[in-house]
């Protein structure tokens with residue numbers, strides 16, 4: 146728990162989503178360079194740093210959104226802002242994951258090309274080949290093997306990053322869904338309980354009404370019976386005289 150005020154939390158999440166959007170813009174630009182003339186170790190380092198930094202920021206943003214969801218469920222004035230930020234954040238995460246998948250696809254294609262080139266060079270390492278050419282082939286194969294290793298590492302990292310974003314999606318969806326259902330369920334239960342209380346109050350009032358009427362009927366019946374007995378008694382007395 147960060148113990149930040151709701152307004153500060155809103156501001157930080159807004160800034161994080163904006164930063165993530167800028168990161169994705171840069172990532173999309175770098176991904177287009179994979180397999181081109183600018184594809185080198187420097188490009189791979191930039192890609193790895195940007196993707197890793199974006200994932201770290203995404204996890205922090207998800208945690209802040211979790212706090213914001215809890216706050217907005219208690220203080221309704223933040224709910225609209227929360228829903229807007231969640232939608233924007235989801236859109237940025239979709240773009241981030243799409244760029245990561247595109248990078249992984251292009252890395253696989255480059256890995257396949259380098260592997261095929263290395264296999265082709267291996268067939269040229271035959272006895273009787275010019276010694277100078279043999280040295281050049283060996284140097285090229287060493288460079289290819291290093292590139293294959295680096296691209297495999299980069300591909301493994303990308304696949305891990307894609308998996309991380311998948312988990313962020315699941316966690317965020319669960320947070321929003323559970324909190325939302327919890328609030329709706331609480332509200333529904335409160336409304337349902339209120340209806341029962343209201344209905345109970347009506348039932349009590351009706352019971353009291355029926356009970357009062359029944360009591361009145363009993364009193365009237367008793368008065369009638371007493372009056373009837375008095376009449377019979379008076380009639381018998383007068384007849385006896």
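Residue numbers (our numbering): 146 to 386. In this text, a Cβ means the ideal position worked out from N, Cα and C, and glycines have one as well.
Using 7 Å as the cut-off, classify the Cβ of residue i as near or not near the heavy atoms of the ligand GDP, replying yes or no.
{"i": "residue 161", "result": "The model on display carries no ligand, and the ligand GDP is accordingly not part of it."}
Using the three-state DSSP reduction, which class does residue i fall into: helix, strand or coil?
{"i": "residue 175", "result": "helix"}
{"i": "residue 276", "result": "helix"}
{"i": "residue 109", "result": "Since the first residue of the chain shown is 146 and the last is 386, residue 109 is not available in this structure."}
{"i": "residue 198", "result": "helix"}
{"i": "residue 184", "result": "coil"}
{"i": "residue 375", "result": "helix"}
{"i": "residue 327", "result": "For residue 327, the predicted structure reports a pLDDT of 40, less than 50, and the residue's modelled location is therefore unreliable. A value from the coordinates is still provided. Reduced to three states, the DSSP call for residue 327 is helix."}
{"i": "residue 117", "result": "It is not possible to answer for residue 117, since the shown part of the chain is limited to 146 through 386."}
{"i": "residue 283", "result": "helix"}
{"i": "residue 293", "result": "helix"}
{"i": "residue 220", "result": "coil"}
{"i": "residue 211", "result": "helix"}
Suppose contacts are defined by Cβ-Cβ distances below 8 Å. Is residue i in contact with residue j by that definition?
{"i": "residue 207", "j": "residue 155", "result": "no"}
{"i": "residue 161", "j": "residue 213", "result": "no"}
{"i": "residue 231", "j": "residue 210", "result": "yes"}
{"i": "residue 293", "j": "residue 263", "result": "yes"}
{"i": "residue 266", "j": "residue 300", "result": "no"}
{"i": "residue 181", "j": "residue 254", "result": "no"}
{"i": "residue 310", "j": "residue 200", "result": "yes"}
{"i": "residue 163", "j": "residue 313", "result": "no"}
{"i": "residue 97", "j": "residue 195", "result": "Lying outside 146 to 386, the shown extent of the chain, residue 97 is not represented and no answer is given."}
{"i": "residue 296", "j": "residue 252", "result": "yes"}
Would you give the residue range spanned by the alpha helix (DSSP H) that residue i belongs to?
{"i": "residue 227", "result": "224–269"}
Report task. Say whether the stretch 241–254 touches the stretch 297–312, bearing in mind that this needs 3 or more beta-carbon pairs closer than 8 Å, one atom from each stretch. Result -> yes
Query raised in the report: Taking contact to mean at least 3 C-beta pairs separated by less than 8 Å, is the stretch 215–233 in contact with the stretch 187–199?
Result: no
Report task. For the stretch 189–209 and the stretch 159–174, state whether three or more C-beta atom pairs, one from each stretch, are separated by less than 8 Å. Result -> yes
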